[in-house]
Amino acid sequence: MDSILFLIPVSIIFLTIAVITLVWNIKSGQFDDMETPAHKILFDDDEDLLPDDAKPQKKTEQPSDK
Amino acid sequence: MSNTACYHCGEIVPDNTNIQAVIDHEDREFCCIGCQAVAITISGAGLENYYQFRTKNAVQATDNRELQEKYALYDDESVQQKFCSYQDNVASATLLVKGITCAACVWLIEKHLEKLQGLVDVRVNLTTHRVTVSWDTTQLKLSEIFFAIDAIGYNAEPWKANRVAQEQQKESHTALVRLGIAGIGMMQVMMMANALYFGYYTGIDESYEAFIRWASLFLSTPVVLYSAFPFFNAAFRDLKTKHLTMDVPVSIAIALAYSASIWATFQGGGEVYFDSVCMFTFFLLLGRYFEMKVRHQNSQATNDLIGLMPNSTLVYTDGEYLITPTEQIKVGDQILVKSGHTIPSDGRVIEGSADIDESALTGEYLPVNKKEGDSVMGGTVCLDHPIVIEITTVGHQNTLNLVVELINQAESSKPRIARIADTIASRFVAAVLITAVSVWSAWMFIDPDKAFWIALSVLVVTCPCALSLATPTAITAATSSLKRSGLIITSTHVLETLPTTTDVLFDKTGTLTKGKLSIAETKLTSQLSEQEALNLAAQLEGSSEHPIARAFPKTQQLAQDVEITAGGGLSGTVNGEQYHIGHSQFIGNKTGLGDITLPDHNHWVVLSNSSKVLAFFKVEDTKRSDAEHAISSLKAQNLGVHMLTGDRSHSAQLMAKELGIENVHSGLTPEGKLEQLAHLHKNGHKTLMIGDGINDIPVLASAGVSIAMNEATDLAKTKSDMILMNGQLGAINKAFEIARQCRRVIKQNLGWSLLYNLIALPLAATGFIPPWAAAIGMSASSLVVVINALRLKKI
Chain A
55 MDSILFLIPV
65 SIIFLTIAVI
75 TLVWNIKSGQ
85 FDDMETPAHK
95 ILFDDDEDLL
105 PDDAKPQKKT
115 EQPSDK
Chain B
30 MSNTACYHCG
40 EIVPDNTNIQ
50 AVIDHEDREF
60 CCIGCQAVAI
70 TISGAGLENY
80 YQFRTKNAVQ
90 ATDNRELQEK
100 YALYDDESVQ
110 QKFCSYQDNV
120 ASATLLVKGI
130 TCAACVWLIE
140 KHLEKLQGLV
150 DVRVNLTTHR
160 VTVSWDTTQL
170 KLSEIFFAID
180 AIGYNAEPWK
190 ANRVAQEQQK
200 ESHTALVRLG
210 IAGIGMMQVM
220 MMANALYFGY
230 YTGIDESYEA
240 FIRWASLFLS
250 TPVVLYSAFP
260 FFNAAFRDLK
270 TKHLTMDVPV
280 SIAIALAYSA
290 SIWATFQGGG
300 EVYFDSVCMF
310 TFFLLLGRYF
320 EMKVRHQNSQ
330 ATNDLIGLMP
340 NSTLVYTDGE
350 YLITPTEQIK
360 VGDQILVKSG
370 HTIPSDGRVI
380 EGSADIDESA
390 LTGEYLPVNK
400 KEGDSVMGGT
410 VCLDHPIVIE
420 ITTVGHQNTL
430 NLVVELINQA
440 ESSKPRIARI
450 ADTIASRFVA
460 AVLITAVSVW
470 SAWMFIDPDK
480 AFWIALSVLV
490 VTCPCALSLA
500 TPTAITAATS
510 SLKRSGLIIT
520 STHVLETLPT
530 TTDVLFDKTG
540 TLTKGKLSIA
550 ETKLTSQLSE
560 QEALNLAAQL
570 EGSSEHPIAR
580 AFPKTQQLAQ
590 DVEITAGGGL
600 SGTVNGEQYH
610 IGHSQFIGNK
620 TGLGDITLPD
630 HNHWVVLSNS
640 SKVLAFFKVE
650 DTKRSDAEHA
660 ISSLKAQNLG
670 VHMLTGDRSH
680 SAQLMAKELG
690 IENVHSGLTP
700 EGKLEQLAHL
710 HKNGHKTLMI
720 GDGINDIPVL
730 ASAGVSIAMN
740 EATDLAKTKS
750 DMILMNGQLG
760 AINKAFEIAR
770 QCRRVIKQNL
780 GWSLLYNLIA
790 LPLAATGFIP
800 PWAAAIGMSA
810 SSLVVVINAL
820 RLKKI
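Take a look at the structure:
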């Protein structure tokens with residue numbers, strides 16, 4: 055039971071770190087735009103990053119069409 | 030071929046339009062050259078995925094090459110300094126981009142700008158429509174960024190954080206920090222409270238109990254002193270002005286529970302309420318935070334400053350026209366206003382002649398022709414020909430500023446709003462304080478040792494957590510539900526006052542109508558078919574930017590040798606034959622026919638060849654498609670419907686008749702509109718005003734509730750309580766329904782929390798409620814209130 059005398063102060067230290075991080079997050083504007091990042095992740099615009107043989111069929115056809 | 034939607038903007042492609050392009054392997058139809066150009070640019074940049082990603086159609090592109098000159102202005106260093114910041118070679122600026130409709134726009138703008146050589150960083154904010162760019166000044170010019178945004182169909186303007194916006198951001202940051210600290214503190218203190226609650230039953234060593242109490246005290250101190258500070262501050266302010274609001278009982282409850290718990294911690298007896306204090310603060314801050322978010326939407330929706338007035342003007346100095354900041358113009362300056370530009374200040378035309386769009390100030394939908402010697406108003410738009418103006422007044426004497434001054438006067442006459450929650454609060458505070466004191470006195474006789482603790486538990490149990498959450502939660506839920514139907518709320522009183530409205534007042538131009546001209550009727554006076562006549566007219570009008578010209582369908586084929594006569598019309602050759610189109614007088618002069626009799630008193634545009642009249646086109650401001658339905662359902666709710674318009678013409682009466690509006694006041698000045706409103710207020714009517722122009726602003730500011738259209742000027746939007754984003758008047762009926770439901774939920778919530786207090790009070794007064802029960806009761810009643818409010822989201 056004595057461990058609680060040690061654990062509670064430790065948790066308070068962690069808590070202080072959490073609060074400092076939160077304040078830094080807020081001040082640096084990370085909470086200013088709550089909408090855009092949620093949408094951004096859904097766009098399939100990473101075709102350039104795929105290896106050539108894994109690219110979807112459609113993309114390879116396109117240049118000949120133009 | 031009709032009813033094809035434009036591939037880019039989704040507008041119906043007008044008949045006889047044949048504008049196509051191959052996008053994503055298929056032939057696509059477009060409504061205008063502007064949209065086509067934008068789609069080709071997007072596809073050319075390999076960004077056609079935009080059309081798959083998007084969830085909403087784009088805004089119709091404008092084909093306005095005039096912008097190029099304006100954009101070049103932004104390369105000027107003195108202009109840039111106003112909104113850019115520099116670090117070595119990298120400059121950064123925030124731009125406000127109009128036309129962002131969905132997340133795909135964000136993707137499109139970011140991808141497109143990233144391709145520019147020398148662009149360092151670009152970030153688009155979907156909510157505020159602000160784009161932050163930074164670029165290498167040695168490789169890229171700012172005007173090129175503007176061009177790039179323009180090329181994909183958006184419209185950018187420099188944005189500079191004004192004081193209000195900066196304060197709001199600071200306020201929002203501080204509120205989040207307070208909320209975060211309260212949340213973290215609450216969770217920790219609650220865990221420790223659990224240990225104490227268990228100890229209450231199973232027994233706990235006194236030294237551990239004391240230690241946990243000390244830890245709780247340590248953790249809840251920042252919550253009370255920092256997070257709950259706004260409540261104390263507001264309560265103090267309210268007490269000074271002798272005006273009881275919800276902040277007063279809230280502060281008393283927090284302060285008393287906290288200080289009593291400290292006392293108990295030092296003394297080692299009694300009860301501690303640290304968990305209740307923290308939870309209470311957190312819940313209340315959460316409610317306030319949501320309320321604040323709603324308030325802040327205001328400035329985001331109104332797109333802040335940079336509205337009507339152009340930033341720079343061409344002033345005649347030493348033999349040439351120089352770009353000069355608008356603030357520096359003086360009386361007597363001669364300035365050049367090009368077509369499509371806004372006139373910066375009141376003045377007199379000294380050279381040239383042009384059609385001026387005064388609709389924003391007067392509500393008249395047809396442009397007015399101004400010749401040498403005529404006076405023009407600042408804030409109106411020069412449409413077709415460049416004119417030179419001598420400035421006659423600047424600053425406060427401007428017509429525009431006089432309207433602005435009317436607003437201050439109007440705002441003071443706005444009916445006072447009694448908020449339900451505040452009315453209850455003042456009675457509630459008195460009742461609770463009296464009860465607590467009498468309970469304490471009673472226990473002094475029964476058992477003086479327990480008196481203090483029981484009186485305190487009365488205060489904590491009855492602490493108005495649910496009561497003060499009742500309104501903000503309902504309003505937040507109703508706001509998000511209104512947002513879905515296209516209405517953004519900018520002041521929260523709306524939902525409480527809207528259900529009491531008795532009269533709805535509409536402006537005409539731009540509100541009941543689209544503010545865009547279209548052809549209502551064609552009368553033929555020759556062998557030409559309607560199709561052929563329209564075709565001829567379209568080819569002639571194709572070279573004009575005049576609002577009347579835009580009423581005709583767009584074609585890619587244009588007439589040759591087109592000559593524009595300001596205030597008259599256009600002449601040009603099609604297939605070797607000369608044609609004229611325009612005012613009856615203009616045609617009379619051109620054809621030598623003299624006076625031409627028009628079919629009736631409406632506005633008719635005449636088409637002729639060199640000797641005779643071929644056709645008449647009736648040009649009208651089109652009604653919004655759902656105006657009739659919206660008005661009939663407002664009338665079905667027993668609301669009085671009025672129309673207040675600055676338009677003097679006969680068409681105002683006609684339109685009112687078509688829409689079924691009996692109370693029509695036309696030809697009103699802004700003062701006149703205000704008088705009509707004051708008259709209604711005097712007779713005890715509660716008003717809702719819907720408008721868009723500058724001439725509507727005083728009325729918007731003075732009406733009980735006001736709604737501005739999305740196309741409205743920025744000032745009109747800031748003075749309104751709501752903004753109708755999608756232009757669908759049916760949303761107003763929806764607003765009434767939601768507001769009524771919201772009022773009902775607020776009343777239910779208040780009723781419930783009062784009932785809870787009534788049940789808990791006798792139990793606490795008799796000493797039956799331990800701290801844990803008080804905490805559970807409090808959170809349960811808050812939860813009921815929140816869940817009840819969430820029902821509003823489903824409407």
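Residue numbers (my numbering), protein chains in the order written: chain A, 55 to 120; chain B, 30 to 824. All residues carry an ideal CB built from backbone N, CA and C; glycine is no exception. Remember, predicted model here, so these are calculated numbers, not experimental data.
Give a yes or no on whether the minimum CB-CB distance between residue i and chain A is below 8 Å.
i: Gly209(B); result: yes
i: Ala68(B); result: no
i: Met338(B); result: Bear in mind that the predicted position of Met338(B) carries a pLDDT of just 44, short of 50, making it unreliable; the figure below should be weighed with that in mind. So, not an interface residue.
i: Pro342(B); result: The sequence given here has Thr at residue 342(B), not Pro. Cβ-Cβ to chain A under 8 Å: no for Thr342(B).
i: His202(B); result: yes
i: Ala244(B); result: yes
i: Gln217(B); result: yes
i: Ile213(B); result: yes
i: Ala132(B); result: yes
i: Phe319(B); result: no
i: Val306(B); result: no
With a Cβ-Cβ cutoff of 8 Å, do residue i and residue j count as a contact?
i: Ser537(B); j: Met718(B); result: Note on identity: in this sequence residue 537(B) is Lys, with Ser being the wrong assignment. Result no, Cβ atoms of Lys537(B) and Met718(B) do not sit closer than 8 Å.
i: Ser811(B); j: Cys307(B); result: no
i: Thr294(B); j: Leu248(B); result: no
i: Leu534(B); j: His671(B); result: yes
i: Ser782(B); j: Val814(B); result: yes
i: Leu643(B); j: Thr554(B); result: yes
i: Trp188(B); j: Val119(B); result: no
i: Val405(B); j: Ile372(B); result: yes
i: Ala793(B); j: Val301(B); result: no
i: Gly376(B); j: Glu349(B); result: no
i: Glu559(B); j: Leu599(B); result: no
i: Ile241(B); j: Leu511(B); result: no
Could you tell me which chain A residues have their CB closer than 9 Å to the CB of residue i, listed as they occur along the chain?
i: Trp136(B); result: His93, Lys94, Phe97, Asp99
i: Gln89(B); result: Near Gln89(B) there are no residues of chain A at all, since even the closest Cβ is about 23 Å away, more than 9 Å.
Could you confirm whether any beta carbon from chain B is found closer than 8 Å to the beta carbon of residue i?
i: Ile74(A); result: no
i: Phe85(A); result: yes
i: Leu69(A); result: yes
i: Val77(A); result: yes
i: Leu59(A); result: yes
i: Ser118(A); result: With a pLDDT of only 40 at Ser118(A), under the threshold of 50, the placement of this residue in the model should not be trusted; the figure read from the coordinates follows. It does not; no Cβ of chain B falls within 8 Å.
Quick check on the DSSP output: the alpha helix (DSSP H) that includes residue i runs from which residue to which?
i: Lys647(B); result: Here Lys647(B) belongs to no alpha helix (DSSP H); instead the beta strand (DSSP E) covers 642-652.
i: Cys35(B); result: Segment: none, Cys35(B) is in no alpha helix (DSSP H) and carries neither H nor E.
i: Ala768(B); result: 759-794
i: Asp267(B); result: 258-269
i: Thr508(B); result: 494-513
i: Ser731(B); result: 726-731
i: Gln556(B); result: Where Gln556(B) is concerned, there is no enclosing alpha helix (DSSP H), given that its DSSP letter is neither H nor E.
From which residue to which residue does the beta strand (DSSP E) around residue i run?
i: Leu527(B); result: Per DSSP, Leu527(B) belongs to no beta strand (DSSP E) and is neither H nor E.
i: Arg57(B); result: 55-59
i: Lys359(B); result: Unbroken run through Lys359(B): none, as it is neither H nor E.
i: Phe112(B); result: Note, Phe112(B): premise wrong, no beta strand (DSSP E); not H, not E.
Chain A partners of residue i, CB-CB under 8 Å?
i: Thr156(B); result: Asp87, Met88, Glu89, Thr90
i: Val648(B); result: Those do not exist, as Val648(B) stays about 41 Å from chain A at its closest Cβ, beyond 8 Å.
Interface residues of chain A around residue i at Cβ under 7 Å?
i: Tyr80(B); result: Ordered by position in chain A, no residue passes the 7 Å Cβ test against Tyr80(B), which lies about 13 Å from the chain.
i: Leu205(B); result: Ile80, Phe85
The segment 612-630 of chain B / the segment 572-579 of chain B touching (three or more Cβ pairs under 8 Å): no
The segment 509-521 of chain B / the segment 757-774 of chain B touching (three or more Cβ pairs under 8 Å): yes
Stretch pair the segment 75-90 of chain A + the segment 140-155 of chain B: three plus CB contacts closer than 8 Å: yes
The segment 376-392 of chain B in contact with the segment 555-566 of chain B per 3-pair CB rule at 8 Å: no
Contact the segment 172-184 of chain B vs the segment 193-212 of chain B: 3+ CB pairs below 8 Å: no
Validate contact between the segment 363-371 of chain B and the segment 410-424 of chain B using beta carbons, cut 8 Å, 3 pairs: yes
The segment 390-402 of chain B contacting the segment 582-592 of chain B, beta-carbon criterion three pairs below 8 Å: no
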